[in-house]
Structures are given as structure tokens and as C-alpha cells.
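Under this note's numbering, the sequence shown has 1340 at position 156, and the numbering climbs by one with no breaks.
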Amino acid sequence: MNASIPIRFDPPSTPVIAAPPVQEEILSDAERGALLAEIRQRMQAQDAVLIAHYYTSADLQDLAEATGGCVSDSLEMARFGHRHKARTLLVAGVRFMGETAKILNPEKRVLMPTLEAECSLDLSCPTDAFSAFCDQHPDREVVVYANTSAEVKARADWMVTSGLAVRLVKALHEQGKRLIWAPDRHLGGYVQSVTGADMLIWKGSCVVHDAFQAEALAQMKLAYPQAAVLVHPESPAPVIALADVVGSTTQLLNAVRDLPNPQFIIATDNGMFHKMHQVAPGKQLLEAPTAALGTSCGSCAHCPWMAMNGLRNLAAVLRQGNNEIVLDTQLMDRARLSIQRMLSFAASI
Ligand code: SF4
């Protein structure tokens, strides 16, 4: 009798990622003023432009815009760096954002205020384990979220952002493709529920969005009946189910600007509130609850790795020229393919 060999189809369990405590940079007015003056002078001398993510501090966002840089999501950060003529890109965000900027701009110097700024999604998808999982399913196309390492992007067929995920997966599903999705399980589950695609979903999660609580959010909705609930799809499905708008950071920003509601309950990193207040002054922005009823706050809706970026380490990196993103050329060439396929898809719709 032939013994059957069990074939494992589930994604392997991924390690639980322990986030460091959130430590915001606290500056006196005098120190802030001195750092801003120094950074501006050094940026000019080094032909540098600052590109900051929406989740970074108000100081960094304001400086980026005041010096001709940009504040945006990870994809637009990379695109902006590509379009801008500066020879040095200062990327304030987490490491995969610096890597993506380098992959799309290999001829430029890419510096980051810190190389310690990780992302729980990236960390939860180690290259070797993910690659072995993909090897078990050679019949499936591999779609990975932007929040992954250069190595994982190089293993993928497609990279995708949250703003494009539903449209890309829908198009692949309509072509009869079966997919592997990584690393965010909540975003993957949401995309699967909307598109009906056949997806094997990796089990990573974002420490910030994973903490939003549906039961407490439902009670908050009752207390603010005029509020629209805006949810990033890295949040758990019961939280997404309570949303009036589900979307990427840019899509949530546009919702705050465009919807007539006087109040918004927002389930994404509260670093977004700075830009949201700018585009919709006068509207009340409320944080969605991140702790179950009767318990204390876990992440408090702010990414501990994004908070590692500040004016002090930005000034230091300009002084010392350290924290440069350096990647193998062949690795960048392979990773760029999955990114460029998405950019071509985005241009076609
Ligand atoms: S907020 Fe979440 S997804 Fe974004 S960088 Fe932090 S851990 Fe990663």
C-alpha cells in the first residue's frame, strides 16, 4: 500500500512581532529652530530633498513641504523621488520605503534618519520561509504588499499598494489566476472578500491596525451619529465591517476632505491627523479605539517605528552621511520588475 504524503497548503505560522515602545521626539522651541536651520542649510549644500510618510511627525511633514519635498504614502514617496532632480533623497519613514526609493532610483543616494525603523509586516515575512512557501505553489502568482523587503519583492511577480490591491487582484482573478498574497492577512482577507479571488494568504499583520477594536468602535459610532468611520484595510475584518469608507491612507485623506460629515472616526495611524487637519480644517477627527472595552491602550494608534524618525537624527545623518540604503544591483533589478508591473497596471486603468 502506498503511504500518501501530506501536502501542506496553509501558510506557515509567522512569528509574533513585538513592537518597541513609542518614543516621540520632544524638542524645545529653541532646539527645533536650530535643527531646522541646520537641516535646511545642509540639504541645500548636499542637493537633498526630504520625502516623508504621512505617519511621521508634524515637524518632519512641515519641513518636507516647506523645502520642496513631499508628504505622502509609500508609493508616491518613491515616485516623487524619481521625478525630483535632487541627487540625495532623505526618506523619513520605515526601511522598506527607503529600499523602494533606492530600487526605483538606483543612481541616487538614499539616506534615512534611522535604519532601525522596521515594519511588523516586513518583519513577519522572512524571505527564506516565504520563498519556500511560494515554491510549494508554483502554479500561483505571487502578489506582495509594498510593506516587504527588497528580497521578498524580488521573489514576487507583483508588488501592490493598498490603494491598488482590489483592482489588481480583481484583474488577475478575471484572468483565471490563482494567487499567493503576503504579508498582511487582514488586507488579504479584505481583498479576497471583495474580489472572490483564490488566494493563499500569509499571516502577517500591522501592529498598529491590528489593535483597532470593533466592539468599542461600534459603541463610539453610537456616541457620534454624525461621524463617518474611515478604516484602513490593514485593520481586522470586524472593524472593516463598521466602516463607511475603506481605503489607503491617500483615499482616507480624500474622504476627510470630500465627505460632508462634521466628524470622522479614523482607524489608521494618528500621524495622518496632521495632514487631515490641513486639508479639512474645522472637521473633528477622532481616533478609533485601540483597546477592548475596559482595558488600556495597546499601540495607541501610532507606529513605534515611524516615531523613530525625527529632526535630531535627520540632522545627524546629514552631518555624517551615514544610514545610506545600499542594495545589491541584481537584487534591485529583480525587485524592480514586480514594482514596475504594478506601475504599468496603474497606468493602464
Ligand atoms: S503602521 Fe504598521 S504597516 Fe505601517 S510601518 Fe508601522 S507597522 Fe508597518
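Backbone N, C-alpha and C define an ideal beta-carbon position, used for all residues, glycine too.
Query - Asp-1368 (DSSP reduced to helix, strand or coil) - result: strand
Query - Whole-Å CB distance - Gly-1265 paired with Leu-1288, under 8 Å assumed - result: 7 Å
Query raised in the report: Rounded to a whole number of angstroms, what is the C-alpha to C-alpha distance between Ile-1385 and His-1393?
Result: 17 Å
Query raised in the report: Taking the C-alpha atoms as reference points, what is the distance between Ile-1533 and Leu-1426?
Result: Their Cα atoms are separated by approximately 29 Å.
Requested in this report: Rounded to whole angstroms, what's the CA-CA distance from Asn-1186 to Gln-1320? Just pull it up for me.
Outcome: With a pLDDT of only 40 at Asn-1186, under 50, the local geometry of the prediction cannot be trusted, and no value is derived from it.
**Report entry** Contacts around Pro-1147, its chain only, beta-carbon distance under 6 Å, and the 5 residues preceding and following it disregarded
**Finding:** A query on residue 1147 cannot be resolved here, the shown segment of the chain reaching from 1185 to 1533 and no further.
**Report entry** Backbone secondary structure at Gln-1359 - three-state DSSP
**Finding:** DSSP places Gln-1359 in coil when its eight states are reduced to three.
Query raised in the report: With respect to the alpha helix (DSSP H) encompassing Cys-1318, which residues constitute its N-terminal and C-terminal limits?
Result: 1311 to 1319
Query - Under 9 Å between C-beta atoms of Arg-1279 and Cys-1303 - result: yes
Requested in this report: With DSSP collapsed to three states, give me the class of Ile-1235.
Outcome: strand
**Report entry** CA-to-CA distance, Phe-1317 to Pro-1190, given in whole angstroms
**Finding:** Because the pLDDT at Pro-1190 is just 39, under 50, the model does not fix this residue reliably, and the value given afterwards should be weighed accordingly. About 15 Å.
Query raised in the report: How would you label Gly-1466, buried or exposed, when you count the other beta carbons within 10 angstroms and need 16 or more for buried?
Result: exposed
Report task. Answer yes or no: the CB of Trp-1365 versus the heavy atoms of ligand 1, is any distance below 8 Å? Result -> no
Report task. In angstroms with no decimal places, state the Cα-to-Cα distance between Leu-1470 and Ala-1407. Result -> 12 Å
Requested in this report: Could you tell me the distance, in whole angstroms, from the CA atom of Phe-1193 to the CA atom of Tyr-1239?
Outcome: Model confidence at Phe-1193 stands at a pLDDT of 48, short of 50, so the residue's coordinates are unreliable; what they give is reported in the following sentence. In a straight line, the C-alpha of Phe-1193 is about 36 Å away from that of Tyr-1239.
Query raised in the report: Can you tell me whether DSSP reads Ala-1229 as helix, strand or coil?
Result: helix
Query raised in the report: Heavy atom of ligand 1 less than 8 Å from the Cβ of His-1393, yes or no?
Result: yes
**Report entry** Cβ-heavy atom distance, Met-1490 to ligand 1, below 8 Å
**Finding:** yes
Query raised in the report: Near Val-1206, which residues of its chain fall below 6 Å by C-beta distance, leaving aside the five closest residues on each side in sequence?
Result: Answer for Val-1206: His-1486, Pro-1488, Ala-1491, listed in chain order.
Query raised in the report: What's the call for Asp-1453, buried or exposed, on a 16-neighbour Cβ count within 10 Å?
Result: buried
Requested in this report: Starting from Cys-1254, follow its DSSP beta bridges and name the residues at the other end.
Outcome: Ile-1235
**Report entry** Candidates Pro-1367, Ala-1411, Arg-1224, Ala-1242, of which the one nearest Ala-1313 by Cα
**Finding:** Pro-1367
Query raised in the report: Can Leu-1305 be considered in contact with ligand 3, in the sense that its beta carbon sits closer than 8 Å to one or more heavy atoms?
Result: Questions concerning ligand 3 fall outside what the structure shown contains, since the ligands it does hold are ligand 1.
**Report entry** Nearest candidate by alpha-carbon position, reference Glu-1399, set Ala-1475, His-1357, Gln-1462
**Finding:** Ala-1475
Query raised in the report: Which of the three DSSP states, helix, strand or coil, is assigned to Leu-1211?
Result: coil
Requested in this report: Inspect the beta-carbon positions of Val-1353 and Ala-1395 and report whether they are closer than 9 Å.
Outcome: Remark: C-beta atoms of Val-1353 and Ala-1395 do not approach each other more closely than 9 Å.
Report task. Starting from Val-1412, follow the beta strand (DSSP E) in both directions and report where the run begins and ends. Result -> Residue 1412 is actually Ala in this sequence, not Val. That run of the beta strand (DSSP E) goes 1411 to 1415.
Query - Endpoints, the alpha helix (DSSP H) within which Arg-1325 is located - result: For clarity, residue 1325 is Glu in the given sequence; the question names Arg instead. Where Glu-1325 is concerned, there is no enclosing alpha helix (DSSP H), although the beta strand (DSSP E) it sits in stretches over 1325 to 1329.
Query raised in the report: For the stretch 1429 to 1447 against the stretch 1357 to 1367, are there 3 or more C-beta pairs whose distance is under 8 Å?
Result: no
Requested in this report: Tell me whether the beta-carbon of Glu-1209 lies closer than 9 Å to the beta-carbon of Asp-1243.
Outcome: yes
Report task. Would you mind reading off the limits of the beta strand (DSSP E) that contains Val-1344? Result -> Looking at the DSSP string, the run of the beta strand (DSSP E) that includes Val-1344 is 1342 to 1344.
Report task. With a threshold of 16 other CB atoms inside 10 Å of the CB of Ser-1188, please say whether the residue is buried or exposed. Result -> Low confidence applies to Ser-1188: its pLDDT is 41, below 50, so where it sits in the model is not reliable enough to give any reading.
Query raised in the report: So what does DSSP say about Thr-1240, is it helix, strand or coil?
Result: Note: Thr-1240 maps to coil in three-state DSSP.
Query raised in the report: Would you say Leu-1371 reaches chain B, if we count a Cβ-Cβ gap shorter than 9 Å as a contact?
Result: Here chain B cannot be found, since the structure has a single protein chain.
Query - Ala-1475 in three-state terms, based on DSSP - result: coil
Query - Among Ala-1248, Pro-1322, Pro-1290, Ser-1256, the one whose alpha carbon lies nearest that of Thr-1513 - result: Pro-1290
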